[in-house]
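Asks: The structure under discussion is supplied below as structure tokens; questions concerning it will follow.
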Amino acid sequence: MKKPVIAIDGYSSTGKSSISKIIAQKLGIIHMDTGALYRGVTWFALQNCIGENGSIDLKMLFSSFSEIELEFKNFEGELILFLNHIDISKAIRTNEVSDNVSFVAKQKEVRDFLLQSQRSQAEKGGIIMDGRDIGTVVLPDADYKFFLTASIDERTRRRYQELISLGIEADKQQVKENLIERDRIDSEREIAPLKQAEDAIVIDNTFLNKQETIDAILSHIEKI
Ligand code: C5P
């Protein structure tokens, strides 16, 4: 039997990736965190494509795609992202990357560059992919689609905790502003905006913990 293709979209810090990782383990399927790919390209740009005005030079970035090789490897259940064979899993979580990623991700060239590798991963089935446009653009024919949301205060609390646990300095107000700004840019962009697919099941997990959110998703998968 072909294993399912599951799309998980939603707002920043609704737990999409950590929930997807556990569901993948439970169902014996692959997990792909597409946000990490956009963060990886942003990290590359911050290292290699800074223009004279001190910000990311998009032309320089677009002409460097052939130098970017992003690859996920699974180490003991943890998804590790390598850029040109260097582990950048922690580097992509910094505030600098978070502050620039939505600007990079709204560029058509960047989205085109990352689209094919996302789709080809899903061709054989057996994948849970999380992001912003998975159910609408990347995998519109996914077997199951979910859209996660939660209050901004709860999402701020989760993101702040995540940063602290990674040993990254954080300020709650700045974390909140970054989430609001990213969601705004992600929702308003022209190409593949953050939006709920018409056939997605919406889960507001403001008052649900991680396990309860997982159970809610699995109950739908088992039901359908
Ligand atoms: O999921 P995460 O918060 O790490 O994603 C970081 C950013 O990457 C998002 O704010 C968004 O700008 C971009 N992104 C995207 N499309 C996706 C996944 C992430 O534009 N499928």
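By UniProt numbering, the letter at position 110 of the sequence shown is numbered 110, and the numbering carries on one by one without gaps.
From the three backbone atoms N, C-alpha and C, an ideal C-beta is built for every residue, glycine too.
(1) Is residue 149 near the ligand C5P, going by C-beta to nearest heavy atom under 8 Å?
(2) Could you tell me if residue 98 is buried or exposed, where buried requires 16 or more neighbouring beta carbons within 10 angstroms of its beta carbon?
(3) So within the region 54-79, which uninterrupted alpha helix (DSSP H) runs reach at least 4 residues, ignoring any that extend past its ends?
(4) Please check the pair residue 128 and residue 6, which I expect to be a contact at CB under 8 Å, by giving their CB distance rounded to whole angstroms.
(5) For residue 36, report the span of its alpha helix (DSSP H) as first-last.
(6) Between residue 197 and the ligand C5P, is there a pair consisting of the residue's CB and a ligand heavy atom that are separated by less than 8 Å?
(7) Have a look at residue 154 and residue 177 and give me their C-alpha separation to the nearest angstrom.
(8) Say the cut is 8 Å; is the CB of residue 160 nearer than that to a heavy atom of the ligand C5P?
(9) Determine which residues share a DSSP beta bridge with residue 204 and list them.
(10) Going straight from the alpha carbon of residue 25 to that of residue 109, what length do you get?
(11) Classify residue 156 as buried or exposed, calling it buried when 16 or more other Cβ atoms lie within 10 Å of its own Cβ.
(12) So residue 136 and residue 11 are in contact, right, with Cβ under 8 Å, and what is the actual spacing, rounded?
(13) Spatial neighbours of residue 241 within its chain, please: CB distance less than 8 Å, with the 5 preceding and 5 following residues excluded, ordered by chain position.
(14) Can you give me the C-alpha to C-alpha distance between residue 45 and residue 107, rounded to a whole angstrom?
(15) Run the proximity test for residue 194: is its beta-carbon closer than 8 Å to any non-hydrogen atom belonging to the ligand C5P?
(16) Closer than 8 Å: is that where the CB of residue 79 sits relative to any heavy atom of the ligand C5P?
(17) So residue 34 packs on residue 205, CB below 8 Å; how close in whole Å?
(18) Identify, in the order they occur along the chain, each residue of the same chain with its Cβ nearer than 8 Å to the Cβ of residue 84, setting aside the five sequence neighbours on each side.
(19) Tell me the residue span of the beta strand (DSSP E) that contains residue 9.
(20) May I have the straight-line CA-CA distance separating residue 91 from residue 43, to the nearest angstrom?
Replies: In short:
(1) Working through the sequence shown from its first residue, we reach residue 149 at position 149. Answer for residue 149: no, Cβ out of range of the ligand C5P.
(2) Along the sequence shown, read from residue 1 onward, the residue named residue 98 stands at position 98. With 16 or more Cβ atoms within 10 Å of its Cβ, residue 98 is classed as buried.
(3) DSSP runs (the alpha helix (DSSP H)) wholly in the region 54-79: 58-62.
(4) On the sequence shown, position 128 is the one that residue 128 refers to. On the sequence shown, position 6 is the one that residue 6 refers to. With 8 Å as the limit, residue 128 and residue 6 qualify as a contact, their Cβ atoms being about 4 Å apart.
(5) On the sequence shown, residue 36 is found 36 positions in, with the first residue counted as 1. DSSP places residue 36 in the uninterrupted alpha helix (DSSP H) bounded by 34-48.
(6) Counting from 1 along the sequence shown, the entry for residue 197 is found at position 197. Every heavy atom of the ligand C5P is 8 Å or more from the Cβ of residue 197, so no.
(7) Residue numbering aside, residue 154 sits at position 154 when the sequence shown is read from its first letter. Residue numbering aside, residue 177 sits at position 177 when the sequence shown is read from its first letter. Taking the straight line from one Cα to the other gives about 13 Å.
(8) Reading the sequence shown from its first residue, position 160 is the one you call residue 160. Proximity of the beta carbon of residue 160 to the ligand C5P is not indicated: no heavy atom of the ligand is located closer than 8 Å.
(9) For the purposes of this step, residue 204 is taken as the residue at position 204 of the sequence shown. When beta bridges are read from the DSSP output, residue 204 appears opposite 149.
(10) If you number the sequence shown from 1, residue 25 lands on position 25. If you number the sequence shown from 1, residue 109 lands on position 109. Rounded to whole angstroms, residue 25 and residue 109 show a C-alpha spacing of 33 Å.
(11) In the sequence shown, counting from the first residue as 1, residue 156 sits at position 156. Taking a 10 Å sphere around the C-beta of residue 156, we find 16 or more other C-beta atoms and assign the residue as buried.
(12) The residue given as residue 136 occupies position 136 in the sequence shown. The residue given as residue 11 occupies position 11 in the sequence shown. Actually they do not touch by this definition, with Cβ atoms about 14 Å apart.
(13) Residue 241 is absent from the structure shown; the chain starts at 1 and stops at 224.
(14) Residue 45 sits at position 45 when you count from the first residue of the sequence shown. Residue 107 sits at position 107 when you count from the first residue of the sequence shown. Spanning the two alpha carbons is a distance of roughly 13 Å.
(15) Taking the first residue of the sequence shown as 1, we reach residue 194 at position 194. Taking 8 Å as the cut-off, the C-beta of residue 194 counts as close to a heavy atom of the ligand C5P.
(16) Taking the first residue of the sequence shown as 1, we reach residue 79 at position 79. Outside the cutoff, so no.
(17) Looking up residue 34 in the sequence shown gives position 34. Looking up residue 205 in the sequence shown gives position 205. About 19 Å separates the two Cβ atoms, so there is no contact after all.
(18) Reading the sequence shown from its first residue, position 84 is the one you call residue 84. Non-local C-beta neighbours of residue 84 in its own chain, meaning closer than 8 Å and more than five positions away in sequence, comprise 67, 68 and 69, ordered along the chain.
(19) The residue given as residue 9 occupies position 9 in the sequence shown. That run of the beta strand (DSSP E) goes 5-10.
(20) Translated into the one-based positions of the sequence shown, residue 91 becomes position 91. Translated into the one-based positions of the sequence shown, residue 43 becomes position 43. Residue 91 and residue 43 have their C-alpha atoms spaced approximately 8 Å apart.
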